[in-house]
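Those sequence lines, one after another, are chains A and B.
If you want this note's numbering, it's the position in the first sequence, counting the first as 1, plus 22.
If you want this note's numbering, it's the position in the second sequence, counting the first as 1, plus 26.
C-beta atoms are modelled at their ideal positions from N, C-alpha and C, and glycine is treated no differently.
Here the structure is a predicted model, which is why all the values come from computation and not from measurement.
In what follows, a structure is listed as structure tokens, so that the remarks can point back to it.
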Amino acid sequence: MTSLVSIQGLGVAFGGVPVLRGVDLALGKGEALGLVGESGSGKSVTWLAALGLLPRHAQVSGSVRLDGRELLGAPASELDQVRGGRIAMIFQDPASALNPVLTIRKQLCEALALHRDLQGNAVKAEARRLLDLVGIPDAGRRLEAYPHEFSGGQVQRIMIAMALAGNPDVLIADEPTTALDATIQAQILELLSTIRRELGMAMVLISHDLGVVAENCDRVCVMYAGRIVEQAPSNQLFADPVHPYAQGLIGALPPLDGPRRRLTAIPGTVPDPATMPDGCAFAPRCSLAAEPCGLSAPTLAPIANDRSVACIRAEASRRALLGIAAE
Amino acid sequence: MSPPLVEVSAISRSYSMRSGMFGRSTAVHAVDGVSLTIAKGETLGLVGESGSGKSTTGRIVLGLELPDRGEVRFDGQPMAAPNTPAWRAQRARMQMIFQDPLGALDRRLPVATQIREPLDIHGIGTPAEREDRVRELLRAVELTPAHGARYPGALSGGQRQRIVLARALATKPDFLVCDEPVSALDVSIQAQVVNLLCDLQAQLGLTLLFISHDLRVVRQISNVVAVMYLGRIVEIGSADDLFARPEHPYTQALVSASPAPGRRSAGRIVLAGDPPNPAARPQGCAFHPRCPRAVARCASEVPALAAVGGDRQVACHLVTGAQTRDAA
Chain A
23 MTSLVSIQGL GVAFGGVPVL RGVDLALGKG EALGLVGESG SGKSVTWLAA LGLLPRHAQV
83 SGSVRLDGRE LLGAPASELD QVRGGRIAMI FQDPASALNP VLTIRKQLCE ALALHRDLQG
143 NAVKAEARRL LDLVGIPDAG RRLEAYPHEF SGGQVQRIMI AMALAGNPDV LIADEPTTAL
203 DATIQAQILE LLSTIRRELG MAMVLISHDL GVVAENCDRV CVMYAGRIVE QAPSNQLFAD
263 PVHPYAQGLI GALPPLDGPR RRLTAIPGTV PDPATMPDGC AFAPRCSLAA EPCGLSAPTL
323 APIANDRSVA CIRAEASRRA LLGIAAE
Chain B
27 MSPPLVEVSA ISRSYSMRSG MFGRSTAVHA VDGVSLTIAK GETLGLVGES GSGKSTTGRI
87 VLGLELPDRG EVRFDGQPMA APNTPAWRAQ RARMQMIFQD PLGALDRRLP VATQIREPLD
147 IHGIGTPAER EDRVRELLRA VELTPAHGAR YPGALSGGQR QRIVLARALA TKPDFLVCDE
207 PVSALDVSIQ AQVVNLLCDL QAQLGLTLLF ISHDLRVVRQ ISNVVAVMYL GRIVEIGSAD
267 DLFARPEHPY TQALVSASPA PGRRSAGRIV LAGDPPNPAA RPQGCAFHPR CPRAVARCAS
327 EVPALAAVGG DRQVACHLVT GAQTRDAA
């Protein structure tokens, strides 16, 4: 698979404090990639940095290529074509992403005018088609409504419609359902996967919810403290996690069926970016940590087809997992 | 089964809401005829989406709010009138934990002082005993006295929630209402707090009302689970059984909507329609406009909560007793 977006050695620092510490990531055409991790792990910053959306004082290093063209440091005019045109993004809090004093039609048509060569009535017709596509009933009339007249789930649908306005190749969905109720979350996820299939669009789903990512993505990257620690096809990651942190995350999730067991909580807390431990950032919380873990940070190394993990104790960790399974 | 500590019988609470500046005020039935009992030392989980009335139920059970109708009995006694000495004595035996620990703590006071505050208010022990109790509480929530000297801003989210928990336990309550206590925490920290809550419950024999939208966490901690929809309980039963074999179409959709690692979304029940609006409750069964199985009767007649075998109760016209359960 040729990669559409290729990120190499991406680093971000705020005021000299590194928050993203070398991320390598490739996204194929039409692929659904999940990024999981806890708050502060760098999953959102990765894409904000890639699209040049971080504040000016952020120091960004590395390389982000879209179809081979470098995006980091690209002129604003070029980035404006990419943002919303080739790569669109939707966020957790849809209500604050819309302008409350403009109708939905104005806001949708604005996005269409920027990215599509449409005039007059064609713009309005396209806006209506987009609202239909995302499942807003009575689209023609609802175009004249203001954001507050819609429910939370509908506003997220409108955000998705706006993101689709530029016919993007990639949709970055940053915690798109976190603020929504369970049954509405199911609706939005269903909508996203239908649209992705129909339009052949690639999607990056950023979420703290392992279940959401597992169900909706082909491949998952687990992030911890500004690095990717494990990367695997989603069914394999959840059946057989290798990195101790990935194992911990899955063990910390209460099961919905079967016998109840005590949750395997990961001790301690995520390290503060300003006082990152030497070596592996997870070592202080890791039950398998050995002396070499504190010496240098492990790099992401392949362990099988399509799978890689950044852990020097990967073998031991795998054995430990099999031992648990054999009990 | 031990005798119930908390008995809630048919409580209702409505608020009046005005739509627009000159609009007519309409009654919003936040809670409508909810009955619950929680046995001593057990946990009742309350699940539902926003606006289902689960938090209002929690506040009424604690006496933070008075029901319009119905009654709450605590340890066999009716709730005392607010702001009387009897009420204060009763309130010391029940405490609440909220979702946002930073909002529940005073940013300008060291956390140990805040843990001590309930002891000062209720006049429990001498000053020296109170200091000892604070240290003991910090240890109970797996923190050190050094943490106690800090301000809330210098603690992590998980540590703050532990402080809130320590403060809630200060007066040795029998009953704890936890309203989304772990929803704001990261998964790994959430597991720490859930484990801690389970341990403390076992040690101290606490009775819990655990309110959450997260089915997994609720199942982990609860003996009995009640599912609410628009102010009413639509299904109640023992936790494992309820999630394994949900009977009410809404519970089925909720369980199905809860994403599970290792399962693709195929076969998931996706409900049509928007989340319910408490100000415009549909006629008949409140769930019928979104229900995939609704029949004509659902639109006109409100289903009552009825036993369907075992300890399960369901409020649905289509789920009637033993034959449905056998067929399922």
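When you compare the segment 330-340 of chain A with the segment 250-269 of chain A, are there three or more beta-carbon pairs, one atom per stretch, that lie closer than 8 Å? Cβ pair count under 8 Å is three or more, so yes.
Just mark A/R151 as buried or exposed, buried being the case when its beta carbon has 16 or more other beta carbons within 10 Å. Taking the first sequence and counting its residues from 1, one reaches residue 151 of chain A at position 129. It is exposed - the Cβ of A/R151 has fewer than 16 other Cβ atoms within 10 Å.
Between the segment 243-263 of chain B and the segment 165-177 of chain A, can you find at least three pairs of beta-carbon atoms closer than 8 Å? In short, these stretches do not touch, since the Cβ pair count stays below three.
So the alpha helix (DSSP H) B/Q309 belongs to, where does it begin and stop? Looking up residue 309 of chain B in the second sequence gives position 283. Segment: none, B/Q309 is in no alpha helix (DSSP H) and carries neither H nor E.
Pairwise C-alpha distance: A/S229 and A/P40: Working through the first sequence from its first residue, we reach residue 40 of chain A at position 18. Working through the first sequence from its first residue, we reach residue 229 of chain A at position 207. Looking at the two C-alpha atoms, the distance is approximately 22 Å.
Per DSSP, the bridge partner or partners of A/L120: As a position in the first sequence, residue 120 of chain A is number 98, starting the count at 1. For A/L120, DSSP assigns no beta-bridge partner whatsoever.
Cross-strand partners of B/Y255 (DSSP beta bridge): Taking the first residue of the second sequence as position 1, residue 255 of chain B is located at position 229. Beta-bridge pairing links B/Y255 to B/R258.
Assigned exposure category for A/A338 - 16 Cβ within 10 Å defines buried: By one-based count along the first sequence, residue 338 of chain A stands at place 316. Per the 10 Å Cβ criterion, exposed.
Can you tell me whether B/K198 is buried or exposed, with buried defined as 16 or more other CB within 10 angstroms of its CB? For the purposes of this step, residue 198 of chain B is identified with residue 172 of the second sequence, where counting begins at 1. Under this definition B/K198 is an exposed residue.
Alpha carbon to alpha carbon, how far is B/A332 from A/P190? Walking along the second sequence from the start, residue 332 of chain B turns up at place 306. Walking along the first sequence from the start, residue 190 of chain A turns up at place 168. Annotation: B/A332 to A/P190 spans about 52 Å, alpha carbon to alpha carbon.
Could you list which residues in chain B have their beta carbon closer than 8 Å to that of A/T291, in chain order? To locate residue 291 of chain A, count along the first sequence from 1; it is residue 269. At a beta-carbon threshold of 8 Å, the residues of chain B lying near A/T291 are S182, G184, Q185, I215, ordered along the chain.
Within chain B, partners of A/D279 - CB distance below 7 Å: In the first sequence, the residue the question calls residue 279 of chain A occupies position 257. Correct list: F269, A270.
Over the uninterrupted beta strand (DSSP E) stretch that includes B/D58, give me the two end residues. Your numbering for residue 58 of chain B matches position 32 in the second sequence. Counting along the chain, the beta strand (DSSP E) containing B/D58 begins and ends at 51-65.
Which residues in the same chain have their Cβ closer than 6 Å to the Cβ of B/M105, if we skip the five residues on either side of it in sequence? Position 79 of the second sequence, counted from the start, is the residue given in the question as residue 105 of chain B. Excluding residues within five positions, the ones whose Cβ falls inside 6 Å are G89, V98.
Quick one: residues in its chain with C-beta nearer than 6 Å to the C-beta of A/L317, no 5 flanking neighbours on either side, listed in chain order? Position 295 of the first sequence holds residue 317 of chain A. Same-chain partners within the cutoff: G301.
Rounded distance between the beta-carbons of B/V160 and B/R142, thought under 8 Å: For the purposes of this step, residue 142 of chain B is taken as the residue at position 116 of the second sequence. For the purposes of this step, residue 160 of chain B is taken as the residue at position 134 of the second sequence. B/R142 to B/V160, Cβ: 5 Å. Contact.
Would you identify the three-state DSSP class for A/M184, choosing helix, strand or coil? In the first sequence, residue 184 of chain A corresponds to position 162, counting from 1. If DSSP states are grouped into helix, strand and coil, A/M184 belongs with the helices.
Which residues in the same chain as A/C131 place their Cβ atom closer than 6 Å to its Cβ, once the five residues preceding and following it in sequence are excluded? Reading the first sequence from its first residue, position 109 is the one you call residue 131 of chain A. Correct list, in chain order: V145, A149.
Can you give me the start and stop residues for the beta strand (DSSP E) that A/C21 sits inside? Within the shown structure, residues of chain A are numbered from 23 to 349, placing residue 21 of chain A beyond reach of any answer.
Report the option in B/N109, B/L235, B/V340, B/R165 whose CA atom is closest to the CA atom of B/I259. What you label residue 259 of chain B is simply residue 233 of the second sequence in a count that begins at 1. Comparing Cα positions, the closest option is B/V340.
Counting only runs that start and end within the segment 44-82 of chain A, where is the alpha helix (DSSP H) found for 4 or more residues in a row? If only complete runs of 4 or more residues are kept, the segment 44-82 of chain A shows the alpha helix (DSSP H) at 65-72, in order along the chain.
Can you tell me whether A/N238 is buried or exposed, with buried defined as 16 or more other CB within 10 angstroms of its CB? The residue you call residue 238 of chain A lines up with position 216 of the first sequence. With 16 or more Cβ atoms within 10 Å of its Cβ, A/N238 is classed as buried.
If I follow the unbroken beta strand (DSSP E) through A/D196, where does it start and stop? If you number the first sequence from 1, residue 196 of chain A lands on position 174. Unbroken beta strand (DSSP E) run through A/D196: 192-196.
Name the chain B residues that come within less than 8 Å of A/E252, Cβ to Cβ? The residue given as residue 252 of chain A occupies position 230 in the first sequence. Contacts between A/E252 and chain B, judged by CB atoms closer than 8 Å, are missing: the closest CB pair is about 14 Å apart.
Kindly examine the ligand NAP and report whether one of its heavy atoms sits closer than 7 Å to the Cβ of A/E252. The ligand NAP is absent from the structure shown, which contains no ligands of any kind.
At a Cβ cut of 9 Å, what residues of the segment 226-247 of chain B count as close to chain A, listed as they run along the chain? Answer set for the segment 226-247 of chain B: H239, D240, L241, R242, V243, V244, R245, Q246, I247.
Could you give the C-beta distance for B/L131 and B/P178, rounded to a whole number, given that I count them as a contact under 8 Å? In the second sequence, residue 131 of chain B corresponds to position 105, counting from 1. In the second sequence, residue 178 of chain B corresponds to position 152, counting from 1. The Cβ separation is near 4 Å, so the contact holds.
Going by beta carbon distance, what residues of the same chain come within less than 7 Å of B/R39, once the five residues before and after it are set aside? Position 13 of the second sequence, counted from the first residue, corresponds to residue 39 of chain B. Contacts found: A56, V57, T82, I86, E91, P93, D94.
Which of the three DSSP states is assigned to A/L136 in this structure? Translated into positions along the first sequence, residue 136 of chain A becomes position 114. Looking at A/L136 - three-state DSSP - the assignment turns out to be helix.
Please return the same chain residues whose Cβ sits closer than 8 Å to the Cβ of A/R283, not counting the five positions on each side in sequence. Residue numbering aside, residue 283 of chain A sits at position 261 when the first sequence is read from its first letter. Answer for A/R283: P277, listed in chain order.
For the putative contact between A/D196 and A/M111, defined by C-beta atoms under 8 Å, what is the C-beta separation to the nearest angstrom? Walking along the first sequence from the start, residue 196 of chain A turns up at place 174. Walking along the first sequence from the start, residue 111 of chain A turns up at place 89. That pair is a contact at about 7 Å.
Using 8 Å as the threshold, is the C-beta distance between A/V86 and A/A98 below it? The residue you call residue 86 of chain A lines up with position 64 of the first sequence. The residue you call residue 98 of chain A lines up with position 76 of the first sequence. In terms of Cβ geometry, A/V86 and A/A98 do not form a close pair [threshold 8 Å].
Along the chain, where does the alpha helix (DSSP H) containing B/L135 start, and where does it finish? Within the second sequence, the letter at position 109 stands for residue 135 of chain B. That residue, B/L135, is in no alpha helix (DSSP H); it is neither H nor E in DSSP.
Could you confirm whether any beta carbon from chain B is found closer than 8 Å to the beta carbon of A/S173? Indexing the first sequence from 1 puts residue 173 of chain A at position 151. At least one chain B Cβ lies under 8 Å of A/S173.
Give me the Cα-Cα distance between A/N257 and A/A236, rounded to the nearest whole angstrom. Within the first sequence, numbered from 1, the residue matching residue 257 of chain A stands at position 235. Within the first sequence, numbered from 1, the residue matching residue 236 of chain A stands at position 214. Taken atom to atom, the span from the alpha-carbon of A/N257 to that of A/A236 is near 7 Å.
Short of 7 Å Cβ to Cβ, which residues in the segment 200-214 of chain B face chain A? If the cut-off is 7 Å between Cβ atoms, the segment 200-214 of chain B has D212, V213, S214 near chain A.
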